[in-house]
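Residue numbers for the sequence shown follow the working numbering, so the first one is 1 and each next one is one higher.
Even glycine gets a Cβ: it sits at the ideal position worked out from N, Cα and C.
What follows is a single structure, written as structure tokens, with notes after it.
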Amino acid sequence: MNKLTNTQPLAQWSSDSAAQLSFEIKQAQQQTLWLSIYFPKLALYNEHAQKTRLTQLATWAEQFTSRVSLHPPQALLLEIGSSLTLFGGLDVLLTRIKTNLAQQWQHVFTLSVTPTPLASFLLASSGQTVVVKQKQAL
1 MNKLTNTQPL
11 AQWSSDSAAQ
21 LSFEIKQAQQ
31 QTLWLSIYFP
41 KLALYNEHAQ
51 KTRLTQLATW
61 AEQFTSRVSL
71 HPPQALLLEI
81 GSSLTLFGGL
91 DVLLTRIKTN
101 LAQQWQHVFT
111 LSVTPTPLAS
121 FLLASSGQTV
131 VVKQKQAL
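Right under this line is the structure:
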């Protein structure tokens with residue numbers, strides 16, 4: 001009861017509510033980072049083989065994030081900002097992706113990370129491996 005107005009509070013904070021709010025704030029503060037993985041040699045495949053391999057690679061990439069987009073015929077886009085804590089940071093995640101691509105898939109690739117999907121794609125598809133964490137640095 002509020003002593004000043006003699007009324008009951010409309011809502012009370014429970015520890016569950018506070019935890020949920022804290023979780024939502026942390027999610028909002030997470031940095032959005034897009035990883036583009038460009039596979040130049042997929043251009044040598046026929047159209048059906050390109051689609052099949054890109055779909056296989058997208059399925060593989062879902063172990064790192066649920067936000068995977070195909071950018072046919074030669075690229076994938078992954079939103080990885082939300083996965084950084086889970087995988088121990090950007091460097092660890094990129095090392096894991098690079099190692100797995102080289103060993104399991106044996107593909108030539110370039111990758112770029114930026115705060116926007118378009119910048120990541122343009123940099124990776126131009127053959128540049130770049131990591132830019134802040135939009136202002138683009």
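Query raised in the report: Would you call the stretch 62–82 and the stretch 40–50 in contact, with 3 or more CB pairs under 8 Å?
Result: Counting C-beta pairs with one atom in each stretch, the stretch 62–82 and the stretch 40–50 have three or more that are closer than 8 Å, which means they touch.
Report task. Round the Cβ separation of L77 and P115 to the nearest angstrom and send it over; I've been treating them as touching at under 8 Å. Result -> In the sequence shown, counting from the first residue as 1, residue 77 sits at position 77. In the sequence shown, counting from the first residue as 1, residue 115 sits at position 115. In this structure L77 is not in contact with P115, their Cβ atoms being roughly 13 Å apart against a cut-off of 8 Å.
Report task. Ignore the nearest five residues each way along the sequence and tell me which others in T55's own chain have a CB closer than 8 Å to its CB. Result -> In the sequence shown, counting from the first residue as 1, residue 55 sits at position 55. Short of 8 Å from the beta carbon of T55, and not among the five residues preceding or following it, lie these beta carbons of its own chain, in chain order: L70.
**Report entry** Beta-carbon contacts of V68 that lie in its chain and below 7 Å, excluding the five residues immediately before and after
**Finding:** Locating residue 68 in the sequence shown gives position 68, counting from the first residue. Excluding five sequence positions before and after V68, the CB atoms of its chain that fall closer than 7 Å to its own CB belong to A58, A61, E62, L76, L78, given in chain order.
Query raised in the report: Quick one, are the C-beta atoms of T110 and Q128 less than 8 Å apart?
Result: Your numbering for residue 110 matches position 110 in the sequence shown. Your numbering for residue 128 matches position 128 in the sequence shown. Their beta carbons are under 8 Å apart, which means T110 touches Q128 by this criterion.
Query - Proximity winner among V108, K51, T65, G81, relative to T32 (alpha-carbon distances) - result: In the sequence shown, the residue the question calls residue 32 occupies position 32. Per the Cα distances, G81.
Query - One or two residues paired with Y38 in a DSSP bridge - result: Taking the first residue of the sequence shown as 1, we reach residue 38 at position 38. A75, T110.
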